[in-house]
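Colleague: Please find one structure pasted underneath; my questions will follow.
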Amino acid sequence: MAQQAAKTDSFAVRHHFLIRRLHSLCGLVPIGVFLCIHLTVNASINAGAAEFETQVGYIHALGWLLKPVEIMFIFLPLLFHGVLGLQIWFSGQPNVSTYKYGGNFRYMFQRVTGGIAFVFILYHLWHMHWLGAPFGGGKFIAHGEGMTESAATAMQDVVFGVPASVLYGIGVLSAVYHLANGIWTSLITWGITIGPLAQRRAGYACSAFGVMLAVVGLSGVRGFKTFEPEADSHMVGVDTDVPPPFVKTVSDPGGS
Amino acid sequence: MSKQVTVAVKRQDTQTSGSRWETFSIPYEPGLNVTTILQRIAANPVTVEGESSTPVAFDACCLEEVCGACTMRVNGRVRQACTALVDNLLAEQPDRITLEPMTKFPVVRDLHVDRSAMFESLKRVHAWITADGYFDRGAAPRMSQDAQEDAYPLTTCMTCGCCVESCPQFNDGSSFIGPAAISQAVLFNEHPVGKFDANARMEVLAGDGGIADCGNAQNCLKVCPKNIPLTQSLAKAGRAATKYVISRFLQK
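Residue numbers (the working numbering), protein chains in the order written: chain A, 292 to 547; chain B, 10 to 261.
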């Protein structure tokens, strides 16, 4: 007869299924959705500093709510997804050297890219986020005290040389692969794509999504790598556009 | 001198002893398969170094890829020895044929492994139809032609172990029951009488070691000698588990 989960089993064993499904869900919403927004906002630097600051402004319009939202919907899900993901990785025994099938490589890459993304996100948080400030990082400031800093000027201070660009490129591509393949496997996990044809079609759709998101993500990295504040009209104060009401920029020193 | 076939066999005397390689040289014959090679070695167990050895222990029964007993790793890849034809193997890798026991089961001796874990998984998922009980359940409802055609491939599973051998998620560190048992649970849950025990099977599929442990590497589909649509069964189990857990939560 089937064994029911016994009361003596650990919490993780009794709720194994729910924990795994929560892991899958977390990767899609909020983390996957956040990744799309984050990469799209960053890519807006290619349209100039003003556009980028407008986009950053929309996020920071949350004000004091930003930190609780960030913790609840980004950091906690990421930590849960990442730590459980590492445990899942180490519970498997990749065997691509013997079984050289496309699906098997996809399986291995899902774990490797997840690991790279996990390490990269830790570095990225140190590098850009206020969490990293006490440790000599935390370079990104959306709009600083005294209005001498802005999202785009802050990016000037960030060393975005070749090594950082390569690192960010690898991090972005890993995260994008992990999400695109994660969507494909989650469609199977949740029981949406059942047959081989449905799974193949979903594969095309997820690949197309992944390629598009990779282009968006890499264009953001390229945008910051090649960004020249001196050449950006917005940054030297000759921009005639009305700045968004909630974004205080260098070109608007008096504050409005 | 006639053409010889070099065969390297991974040998192990007892369940706990270490393993060693022995190499044999067998006269080539057209149509030779790996089971015959092992019989030729048994007839003259002398290694290429000229040392006297013992016949290689292996499991075999039907010799026509129906029972799954002779499953082993041939040139590193899991399959049945009886349908591993030497001509094809030499075309892939001309210098030698390697024979090893499966890695996911305890070795009894040489190429003979104990596949009890497969049968324990079948018992866990209640992979049978309860036909006898305290009362007569009457005639079973009829299955449609389509349902029969969907079910038939799943019934050809011979519990050989290829799927779990190639599955990166099935190992000592994981409680995953593997694709074969999950596919059988799906088969019996779709059967008009087997359905009566569907909830008992779903408890296992939606539990520790159940469908949530599938990693979607899909090696099982590639190595299955019976071409069973295992990934389809796994996805069906995923869908059924999603529905089952939600309705269990809402009906409590």
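Glycine included, C-beta positions come from ideal geometry on N, C-alpha and C. As the structure is a prediction and not an experimental result, all values here were calculated from the model.
Out of R105(B), F185(B), A90(B), which one is the CA nearest neighbour of C71(B)?
Modeller: A90(B)
Colleague: Could you please tell me which residues of the region 463-476 of chain A, in chain order, have their CB closer than 7 Å to any CB of chain B?
Modeller: T476
Colleague: For the structure I just gave you, are there three or more beta carbon pairs, one from the region 166-176 of chain B and one from the region 144-151 of chain B, closer than 8 Å?
Modeller: The region 166-176 of chain B makes no contact with the region 144-151 of chain B, as fewer than three CB pairs between them are under 8 Å.
Colleague: Against chain B, with Cβ distances strictly below 8 Å, would G486(A) count as a contact?
Modeller: yes
Colleague: Run through the DSSP bridge pairs and tell me what E212(B) is partnered with.
Modeller: Bridge partners of E212(B): none, in fact.
Colleague: Rounded to whole angstroms, what's the CA-CA distance from C169(B) to K516(A)? Just pull it up for me.
Modeller: 56 Å
Colleague: Determine, for Q13(B), whether the minimum Cβ-Cβ distance to residues of chain A falls below 8 Å.
Modeller: no
Colleague: Is the Cβ of Y245(A) closer than 8 Å to any Cβ of chain B?
Modeller: This structure leaves residue 245(A) out entirely; chain A is present only between 292 and 547.
Colleague: Whose C-alpha, out of D104(B), R20(B), V116(B), T15(B), is nearest the C-alpha of P64(B)?
Modeller: For P64(B), the closest of D104(B), R20(B), V116(B), T15(B) by C-alpha to C-alpha distance is R20(B).
Colleague: So L357(A) is in the alpha helix (DSSP H); what residue range does that whole segment cover?
Modeller: 357-361
Colleague: On the DSSP bridge assignment, give the partners of W30(B) in chain order.
Modeller: Answer by DSSP bridge pairing, in chain order: K19(B).
Colleague: Chain A beta carbons: is any one of them nearer than 8 Å to that of S192(B)?
Modeller: Answer no: the Cβ-Cβ gap between S192(B) and chain A never drops below 8 Å.
Colleague: I'd like to know whether the C-beta atoms of G271(B) and F308(A) end up nearer to each other than 8 Å.
Modeller: Limits of chain B in this structure are 10 at one end and 261 at the other, which puts residue 271(B) out of reach.
Colleague: Please tell me whether P177(B) has its Cβ less than 8 Å away from any Cβ of chain A.
Modeller: yes
Colleague: Should the region 192-207 of chain B be called in touch with the region 361-381 of chain A, which here means at least 3 C-beta pairs below 8 Å?
Modeller: No: the two stretches stay apart, fewer than three of their Cβ pairs being nearer than 8 Å.
Colleague: Quick check on DSSP: helix, strand or coil for V55(B)?
Modeller: For V55(B), the secondary structure class from DSSP, reduced to helix, strand or coil, is strand.
Colleague: Compute the distance between the beta-carbons of L239(B) and S192(B), then report whether it is under 8 Å.
Modeller: yes
Colleague: Assuming the contact rule is C-beta atoms closer than 8 Å, I485(A) and A244(B) should be a hit. Round their C-beta distance to whole Å, please.
Modeller: 4 Å
Colleague: Who are the Cβ neighbours of H372(A) in its own chain at under 8 Å, not counting the five residues just before and after it?
Modeller: H314, C317, G318, I322
Colleague: May I have the straight-line CA-CA distance separating G85(B) from N180(B), to the nearest angstrom?
Modeller: Between the alpha carbons of G85(B) and N180(B) lies a distance of about 17 Å.
Colleague: Strictly below 7 Å CB to CB, what residues from chain A border A226(B)?
Modeller: G394, N395, Y398
Colleague: Which residues in the same chain have their Cβ closer than 7 Å to the Cβ of T404(A), if we skip the five residues on either side of it in sequence?
Modeller: S465, Y468, H469
Colleague: Please list, in chain order, the chain B residues whose beta carbon lies closer than 8 Å to that of P385(A).
Modeller: P177
Colleague: Quick one: which chain A residues come within Cβ less than 9 Å of I254(B)?
Modeller: At residue 254(B) the sequence reads Val, which differs from the Ile that was named. F308, L309, R312, listed in chain order.
Colleague: Is the separation between the beta-carbon of A250(B) and that of L214(B) shorter than 8 Å?
Modeller: yes
Colleague: I want to see whether chain A comes within less than 8 Å of G85(B), judged by CB atoms only; does it?
Modeller: yes
Colleague: Name the DSSP bridge partner or partners of V403(A)?
Modeller: Beta-bridge pairing links V403(A) to no other residue.
Colleague: Can you give the Cα-Cα distance for C79(B) and E129(B), rounded to whole angstroms?
Modeller: 19 Å
Colleague: Could you tell me which of Y253(B), C76(B), G40(B) sits nearest to N208(B), measuring between CA atoms?
Modeller: Y253(B)
Colleague: For F381(A) and D119(B), what's the separation of their Cα atoms in angstroms?
Modeller: For F381(A) and D119(B), the distance between alpha carbons rounds to 29 Å.
Colleague: Please confirm whether G514(A) and I336(A) have their CB atoms less than 8 Å apart.
Modeller: yes
Colleague: Please list the terminal residues of the continuous alpha helix (DSSP H) segment that includes T476(A).
Modeller: 453-480
Colleague: Given this structure, state the Cα-to-Cα distance separating K235(B) from T164(B), to the nearest angstrom.
Modeller: Spanning the two alpha carbons is a distance of roughly 10 Å.
Colleague: Would G268(A) pass as an interface residue toward chain B - the criterion being a Cβ-Cβ separation below 8 Å?
Modeller: Residue 268(A) is absent from the structure shown; chain A starts at 292 and stops at 547.
Colleague: Just to confirm, is the Cβ distance from G482(A) to R248(B) under 8 Å?
Modeller: yes
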